[in-house]
Structures are given as C-alpha cells and as structure tokens.
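Here the structure comes first, spelled out in structure tokens, and everything after it is commentary.
Residue numbers (UniProt numbering), protein chains in the order written: chain W, 1 to 597; chain G, 1 to 597.
Here it is as structure tokens:
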C-alpha cells in the first residue's frame, strides 16, 4: 500500500531560509503568519493531507465517478466528507481577501499547502482547485454585485466553481468556439452549446456549482475578439441569494480517462441556460486568462506534488525490497540479499527525482511569492517586476514541472519492477494521474509557444532580462565564495547556454518564425534547467549560511548540499544539449510534406 | 478510433537495401524467401495484423481477462479466433526448424513480421510470443525425446508455452527462489511453489499449456547454482502423446495491471505438479537465459511496435485536427484554422518519434540478422562475431527501444491534447501497454547493468570493440563521400563520446564499481544513440545509392535522407550530455545515507 508524508521540514526551509519570507512582512497578510503561525498552518495542512485526503486516493481511483441516468454524478466514497473537512478547516479561502470571507493569507502559503493536498489526492483536490480559478476571475473581472453574490459561498466552499472553455472541435484555439449567448431583456443571457472536458463539472459535493462559461454573444465578431465570459450557476439564485430552481446546464456524460478517476470530467450541455456576463462584452478571453494563469500554476504544482508522492514510495520500496548484492560486496551479509538501494543505478534514479522535486518546490514557492508581490506590494516598480517574472515563469513552471513530474513518476514506478505495473501498489495511479498535467490547461507544446512566442518578447524582453540579471547577479555576488563556486560556476554555464539560445532566436526567428517553433520545447526545458539550477544555488547558499550559524538541522543541510552537487553534475549538462537542438533550426523539422508522416 | 497500417515499404527497404539481406543467401532458410517470397510473406503478415489482430486491440483492452471461480480464465472476445488464424497461417513456426514442423525461415523475417503483430495487438501477440521463448529453450536444452514430445504441437500453436520464473519475493534475483522440486522414482519431479507475473499463464486458447518452471531440487545448493528448469504441462500427456489429466498447476489470481489487459498475467500455484527436468540439474539458469534472451529481443520489438502504432495515429490526428494558424501565415485560409501539423513543435515531435522508429526498425532487424548468422552460418568465426554482437546488443535493444518506445507513445498521445487522455481514442492504451516493456524480462536498469557489468567486459571487451570497429570503419570508408560526410561526421562524434565513456569506465570502475553502476543507464542510452545513428548512416548510404541508380521510390528516399539529417542534428547531440553524466561519477550519487531518501 502506498504511503505519503508531507515534506513539512523542506517547505519551511524553502520559505524561511531560501526565500527569506520574513523579508516580505510589509505585504498584506504576511505579518499575520510569521513566524509561528506559518509552521502551525503548514503542519495542519500536512495532517489533513495525510490523514483525510490520502486514504481516499487509491480507493477513489479504483471506484471512479459514475453518472446516473438523471444526469447526477456520484463521486467516490468519502470524497464529500473529506471536502467538508477541507472547507471547515478554512483551506478553501486561505489566500482570498477577508472582505469575501477568506483569510487574506499569502498565496505563497496557499501554494505550499496545496502541494500536500494534491500529492495526497490529486483528483479530490481538483474540486476546490477549480473553484479557486473561478474565484480569481470573479475577483478581477466581476462586478461588485457579482462578487457579493457569488464569492462568499464559493470562498467558504459551500459552492464550487468550474471553467467551461473547451468544445469538441476547439481547445487551444478558442476563437472557433460555437457556444452562443443570446441577450435577454433583463440583462441576462441564454447560453446554448456543448462544453467538454469540464473538470469537477457535476457532482453533489456542493450546494451549487458556479460554471464560468466562454460563449459568443449573437452578432459578436468571429474569432477570439468575439468571446465573452459568463457566470452560469447550476441552480439559479432566488432573490434572497439562496439556491432556487435548476438552470439549463446538465451533465451529458462523464469521460473514461486514463487517470484522475476520482474527478468527474464532464460533457456539459448548455440548453438556454441563464448566464450573466462577467466583465465587458467580447473581452472574455482576458477574464478567462485570469483563471487560466491561476490554473497553470496549480497544474505545475500537481506535477511537483505527484512526483514527490511517487518518490517517497520509490524510496521506501528501495529500502525494503531485498534483491541481489551490492557491487562493492554484501551490505547485509546475514540476509539473503541487500536492499536495492545499495545499487548505484537505483540511487541515481532517486537522486534525479529528488533533485527536481526539491528545486521544483523552491521554484513553485518563488513564483507564488512573485504573485503575492505583484498583487500586494505598495511599490509599483516592485509590482511590475514581480508581474514580469510571474508572467514568464508561468508557462515554464507549467510545462517543465509537469513534464518532469510525469517522468519522475514513471521513474519511481520503475523502481518497483513488475510490481510497479500492478494497480494495487499505487504507482500506476501516480503515472496515470501525472499524465493529465502535461495535457490540460494548455498542452505543454502550447506552454512552450507561449514562452517563446509571447512571454520572451513582451515589453522588449523585459521579463527575460530581469530573470537573467537576477541569476547572473547571484553568480557574480557569490563567485568569490569558495564553497559556493562549484554551484555558481555550473549555473553560470547554464545561463550562458540560455542566453545564447535566446540570442539565436533573436537572430533567426524574426525572419523565419518556424525557427522559434522548432526550438520552443527545448527552450522551455533549457530555461527550466537554469531556473532549477538557480534554485539549487540559492538553496546551497542558505544551507551554508545555516551551517555557519550552527543550525541544528545538521544532516538536512548536508543532504541539501549533496543534492545540489548532484544536480550541478548530472542535470545541468543537459543545457548544452538543449542549446544544440535549438541551434539546429527548423529546416529538417519542416522539410517533409504533411502526407509523408 | 485508432488506425494501424503495417510499414511494409520501410521493412522491405531495411531488409533489402540497408541490410542487403540477399548477401546472406548462403544461410539455411534464406535462399527460400528471396527475393519474391520475402515481399509476399511480409505482405501477408501486414494483412493479418491490420485485419485480424488490430480490430481486437482496443476492445481487448477494455474487456480484459477474467478468472472464473474454477480457476479458468476467459480472454477477450475474438482472441481465440484470431490466434487460430495466426496458427493456420503458419506464423507460429515461421523460423523454427522444419524438423519440428516449422518453416525454417530466417529469424530476421520472424522479427520483421512480429513488429506488425505486436503493433496491431501487443496483448494478443504475447500468447504466441511466450511460446516462442519456450520453444527456443526446449530446442537448445531439451532431450531428443522432449523435443519430439512437445515441439510439434507448440510449433503448430496447438499448445502454447510460458516462462515461470518470478516469485513474490524475487524477480531479478532468482537465486532466492523457493519453489521446490522433489525427485520421483520414475525420473519426474513434484514441483511445489507460487509463481507470479506469468504472462499468458492460463487461458482456453490452446489445448495445452507447457509451463517452463524454475525450481530448486531438494538438497540443491543455495543461490543461482541450485536452480533447475522443468517442463510442467497444464495437462499431463497420455502414453500416446495426447493430453490427459490435469496437472497440479492452477491459476490463483490474475493481476490488475496498468495495461496489456488482454493478456492474462497469472499467479500460478504449483502443488505437487508433475515436472520434467530440462537439461542438467542445477543448470537451469543457463537454459532460462535462452528463453530470456529471446524474450528480451521480443520486448525491444514491442517498444518499436507500439511506438510505430502510436506515431501513425499522432500523424493522422496532426493532419486532421484543425486548430490555430501557422506562424508563417494561414495555410488553409478558406478554413477556420490550419491543421496542427503546420506547427513546428508538432512536426518536431513527429520527426523525433519517426527518427527513432525508422532507425529502431533497422536496429531490430540488424540484430535479428546477427542471431541468424550466429545460429546458421557455416563459418565459425562469423558465428562468433555475430554471437558477440547479438550478446551486447540484446540489453541495449531491450533497454533503449522500450524506454524510447514508451517516451514516443507518450509524445504521440501528447499530440492529441486532452483527447489523448480519453480511453476511447486509444492513445492511453499505447502508453499503458508500452509501459510494461520497460519493466518485464529484466527492468531497464538491469539491462544497463548487464551491459556495463557483464557484456562490455566479456572476453576482454571483444564484442564492444567489434561494434566500435564496424561503426568506425563505416565512417572511415565514407568520409570522402561528400553527400555522406554530414552523417559520418555526426556518427563519428557520437562514437568518440561512446569510446571516451568506455575508457572512463575502464579507468574508474575497476577500483570503484559504483562508478559503473552510476553511469550504467546513461551508457546504455549513449550506446543506443550511436547505434541508431549508425543505422541512419547505413540508411542514408543506401538511399543515396538507390537515388543514383534511378530508383522509383523518389519521395521515400528523399524523406529517408531528411529524417537522417534530423536525427544527426537533433538526437545525436545527446551523446555529449550522456558522456558528461557518466564522467560525473558515483560520488554525489552514493553520498546520502539510505534513510535520507
């Protein structure tokens, strides 16, 4: 049976020692938690994750969701009770402003604890996860009345939310969507059309479901310029705000998926459903992107979360499974064999996963902190810089952490040999669940194109230059520190590859945009390798400082430095490979006729 | 719905033009098929694969296998009929000597057509696939009487075979196995013990199932030196050779697996089952390795096969799915969007899969040809050289083609976006099926250790040096060919990396074996990259020669050269990365305490 233990010590080390979160005490919501409450909240999140969410993970996968003939959907046993405990604990509104019933605490903290919950039960955590995206969109684009009407019950978790974007013929290219909105005399709209792949689209876990639906108002322009965003509640509201009669949105089917079986992925049919415009007519895409960006960070976090859960099980198995002997002589001569963790190839695998997870955790929290600064800092230039970094990190984080997260889950499964292929052992579920994160909220190729085609060039390349400068400065400032030099040297080498690849795009992709497309995925991973390296650099620096200060976490700090070294030696050399691929250009990529494939 | 079309033109090009199979007409079984019959046989294999095996692939996955309370197992609908057609076509004994009812044709041909059948329906093809391994073991180690008793019915497919090796507590380390064999007065043995993960272990598709079972004879030494191999038929044979009463081997359960649902993976309980020793007492491991090596080639072939099937579906989807516009302006301005194959990142993905598949097919058939030479050549030194190459290629082929095959299936699924995650579209099945190939018949880490710890050093490194020489000679001979130089230059660079990594092991792994273990997986992939590059070099040379000869396959040949170029530009640079990781050594890999993971 699989196990899961939330990595509390590591989270606190990243927040306190690597990112120095106490330096941000000037931001609203930060002073309230530091330092003591931070540890208490993270500890409570660990508890609900381990004790409430995790025991339902494998059973939820095996039971799955079932649509009844009346269109209602049964979620796996125990999900509603676990969700209720989640809401009762105040987790649903952790970082939402207090004005709408939230706790106003840092989004960084929301992210830290979200990792545990997604690791413990990804399919379950998606129900409140989707609500968070919907809350974000209403907060930014909703009218004051809409905020008052919907947010308190969504924040408390009494109601949940969804994103209704995809249609059978369009996902990435939402400009083609066909769902129609017909204006009514009372200011509302009648929405008609079919949406697919709607996560948490129908269930009985909440009193109401607030669907945020992209549709085209009759007569609106074609393409993305004619798309508007609507609130379509499952149950219409009475004048007093209580839930009234059923709206014209029904679940037509639930999908048979490779994984996340515990989450109801629905076909939703809108049949003259009553909808209310959010924000301006034909500006729906901007409102949608508020949800989408939030969701992309959440999906990147899923990549990390599942990778961590899979890693823990692989490490346990490697310690327990006895099979064969160490190449350097028996390590347990009194037993019939040694545990497989004695083998260098097993350790190489575990170190690889670990070196991505720990740096990935720092990357997630570093990015979440940019979001807090961007939304809460009193200083406009600080806000802008943080917004820049957040904006360029979003596709990297989503693409890289989900590609790596899946790869790590596969490698963790590999530790189990044939036993990894048996569903009861839980490793297959991690692989199947992690797989979706590379696909939804923009497939990773779309993230790569967003990075290369949009984020890199935005504002004259301001965001990329800010990141390059931050990393370059770190290397420069610490180059004379003898103990840090092995790390800064490797990071600098990776940064040089990244900057060279960036220059190559500038020189070669203007005249020939396919040169950017052909290198986009490699560039995203090159960027990710450097960012994760930078996180290891910051981690090593913090570990050395703590060692010098006589910190009691002796072994923890030594292991951080060893894992940082592993990353520099074994992972960073990939930057040169990625750069070489990028510089190969698009010619051989584009040469074949479409019919030749 | 998924589709599959056997790549007949490519297979024939590899056999005839790249490998020059007609040069081997002196080997028994070769002259019979060339040149005309070769094409006819491959065409017939394509037909049964596409028309009989493939239509049962998705339905077989969805239906799976069911164990009844009496221990019998139902396979998916249609499997028995398809299997019967396979046997009626003579496919089961294609390369088995005519003396036992086979056709005595080249193993290379058996491999070529096996790709199609595994691509069309991997779970179904495993039933006869396991029989082939059992046949091989009996052919090499069985007594004349055993051969006469079992082979004809196994070769015709009337009976099937299995490999009973794994027990709950041991898989890789068979020295720990506990299944006991007690000698009986009539020369037979009573076998008692539990075996798990037995593919095709129980079913009603054949009249009898011939289990080959590893067990320890009472009083035999501990460890691998005390293991013997036994024939344990499901039904005992009457004196006239017909099947008689049920033997004491029963299916206790079938596993719930991530994939290959159509194959019955059984727990087999041996309860004083009657068994007959094959070969010598306590020499069972050697006999087992005959099956195992055969199986490893078959598993590598599964990696290629599923990758090819997944690729075809990804390419079709990329041509059909319209979404977004080309970066270089609309390609179908009259339609609402362009097909996604216009995007460089989509093509990059397809080219990557294709460049592995086509070279992988050449690699498979090149290796199968070594097997034919090793077993059939009249020249002892030719046989030895071929045996050397076969022996070192086996772990590389198994490890690299299954790692790449899975990766390719995942990338092909990625083309579909969210639709790839829906079971009905078939891409999930390819990923789930391909996953097992990395695990069974020795997990890929075991292959890497077999390569580095055993095959590389065997006979003073004779096999590796033979391969290096063959590749080096190819580069040398063609370096002055202007059109081939871009290929030979890249291959030579990769070969240099491979040789440097080999030297690094020699200098660093003797005193410290963990340096070999820590680099084993990277070395296996480095070797694989160079071999696949070499296959592209041979392919490019053949394509250029055919072009010069005015061959009519104009576009086919141009595409070969373009794909070869893609491989050199985009895949070969990985060799330097792998070399850098190997040379990083074991220090940071082995540094952490086991409890720190």
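Virtual Cβ for every residue (Gly too), placed ideally from N, Cα, C.
Residues of chain W whose Cβ lies closer than 9 Å to the Cβ of residue 319 of chain G are, in chain order, 594, 595 and 597. Measuring C-alpha to C-alpha distances from residue 108 of chain W to each of W:269, W:252, W:41 and W:172 identifies W:41 as the nearest. Residue range 122-141 is occupied by the alpha helix (DSSP H) that includes residue 138 of chain G. For the C-beta of residue 255 of chain G, the chain W residues within less than 7 Å are, from N- to C-terminus, 422.
Membership of residue 320 of chain G in the alpha helix (DSSP H) is indicated by the continuous run 284-320. The C-alpha of residue 470 of chain G lies about 10 Å from the C-alpha of residue 476 of chain G.
Just so you know, the alpha carbons of residue 233 of chain W and residue 110 of chain W end up roughly 26 Å apart.
In this structure, W:359 is the residue among W:422, W:496, W:417 and W:359 with its C-alpha nearest to the C-alpha of residue 405 of chain W. Each of W:126, W:398 and W:413 was checked against the Cα of residue 451 of chain W, and the nearest Cα belongs to W:398. Judged by DSSP in its simplified three-state form, residue 395 of chain G adopts helix.
For residue 149 of chain W, the uninterrupted alpha helix (DSSP H) run begins and ends at 144-156, by DSSP.
For residue 43 of chain W, the enclosing alpha helix (DSSP H) covers residues 36-48. Close to residue 436 of chain W, with beta-carbon spacing below 7 Å, are these residues of chain G in chain order: 421. In terms of beta-carbon proximity, residue 291 of chain W stays away from the interface with chain G, with every pair separated by 8 Å or more. Contact fails between the region 243-259 of chain W and the region 280-287 of chain W, because fewer than three Cβ pairs, one in each stretch, are under 8 Å apart. Taking the Cβ atoms as the reference, residue 164 of chain W lies roughly 4 Å from residue 213 of chain W, within the contact range of under 8 Å. Where residue 504 of chain W is concerned, the enclosing alpha helix (DSSP H) starts and stops at 485-508.
Under DSSP, the beta-bridge partners assigned to residue 193 of chain G are G:270. Here residue 376 of chain G is buried, its C-beta having at least 16 other C-beta atoms within 10 Å. Between the C-alpha atoms of residue 354 of chain G and residue 51 of chain W there is a straight-line separation of about 47 Å. Chain G places a beta carbon closer than 8 Å to that of residue 440 of chain W, counting this residue as a contact. Interface annotation for the region 210-235 of chain G against chain W: empty, criterion Cβ-Cβ distance under 7 Å. Close to chain G, meaning a Cβ-Cβ distance shorter than 8 Å, are the following residues of the region 556-581 of chain W: 559, 562, 563, 565, 566, 569, 570, 573, 574, 576, 577, 580 and 581.
A distance below 7 Å between beta-carbons, with the five flanking residues on each side excluded, links residue 18 of chain G to the following residues of its chain, in chain order: 362, 538, 539 and 542. With contacts defined by Cβ atoms closer than 8 Å, residue 4 of chain G and residue 443 of chain G do not form a contacting pair. Contact between residue 533 of chain G and residue 580 of chain G does not hold, since the beta-carbon distance rounds to 18 Å and is not under 8 Å. Taking C-beta atoms as the reference points, residue 223 of chain W and residue 400 of chain W fail to come closer than 8 Å.
When C-alpha distances from residue 531 of chain W are compared across W:487, W:515 and W:554, the shortest belongs to W:487. Under the Cβ criterion of 8 Å, residue 29 of chain W is not counted among the residues facing chain G.
For the pair of segments examined, the region 415-422 of chain G was found not to touch the region 489-506 of chain G: the number of CB pairs separated by less than 8 Å stays below three. The three-state secondary structure of residue 183 of chain W, taken from DSSP, is strand. A direct Cα-to-Cα measurement between residue 587 of chain W and residue 447 of chain W gives close to 22 Å.
Separation of the CB atoms of residue 319 of chain G and residue 341 of chain G is rounded to 5 Å, and the pair is thereby assigned contact status at 8 Å.
Here residue 590 of chain W has 514 as same chain residues with Cβ atoms under 6 Å from its own Cβ, once five neighbours each way along the sequence are excluded. Boundaries of the alpha helix (DSSP H) around residue 475 of chain G: 458-478.
With fewer than three CB-CB distances shorter than 8 Å, the region 187-194 of chain W does not count as touching the region 203-210 of chain W.
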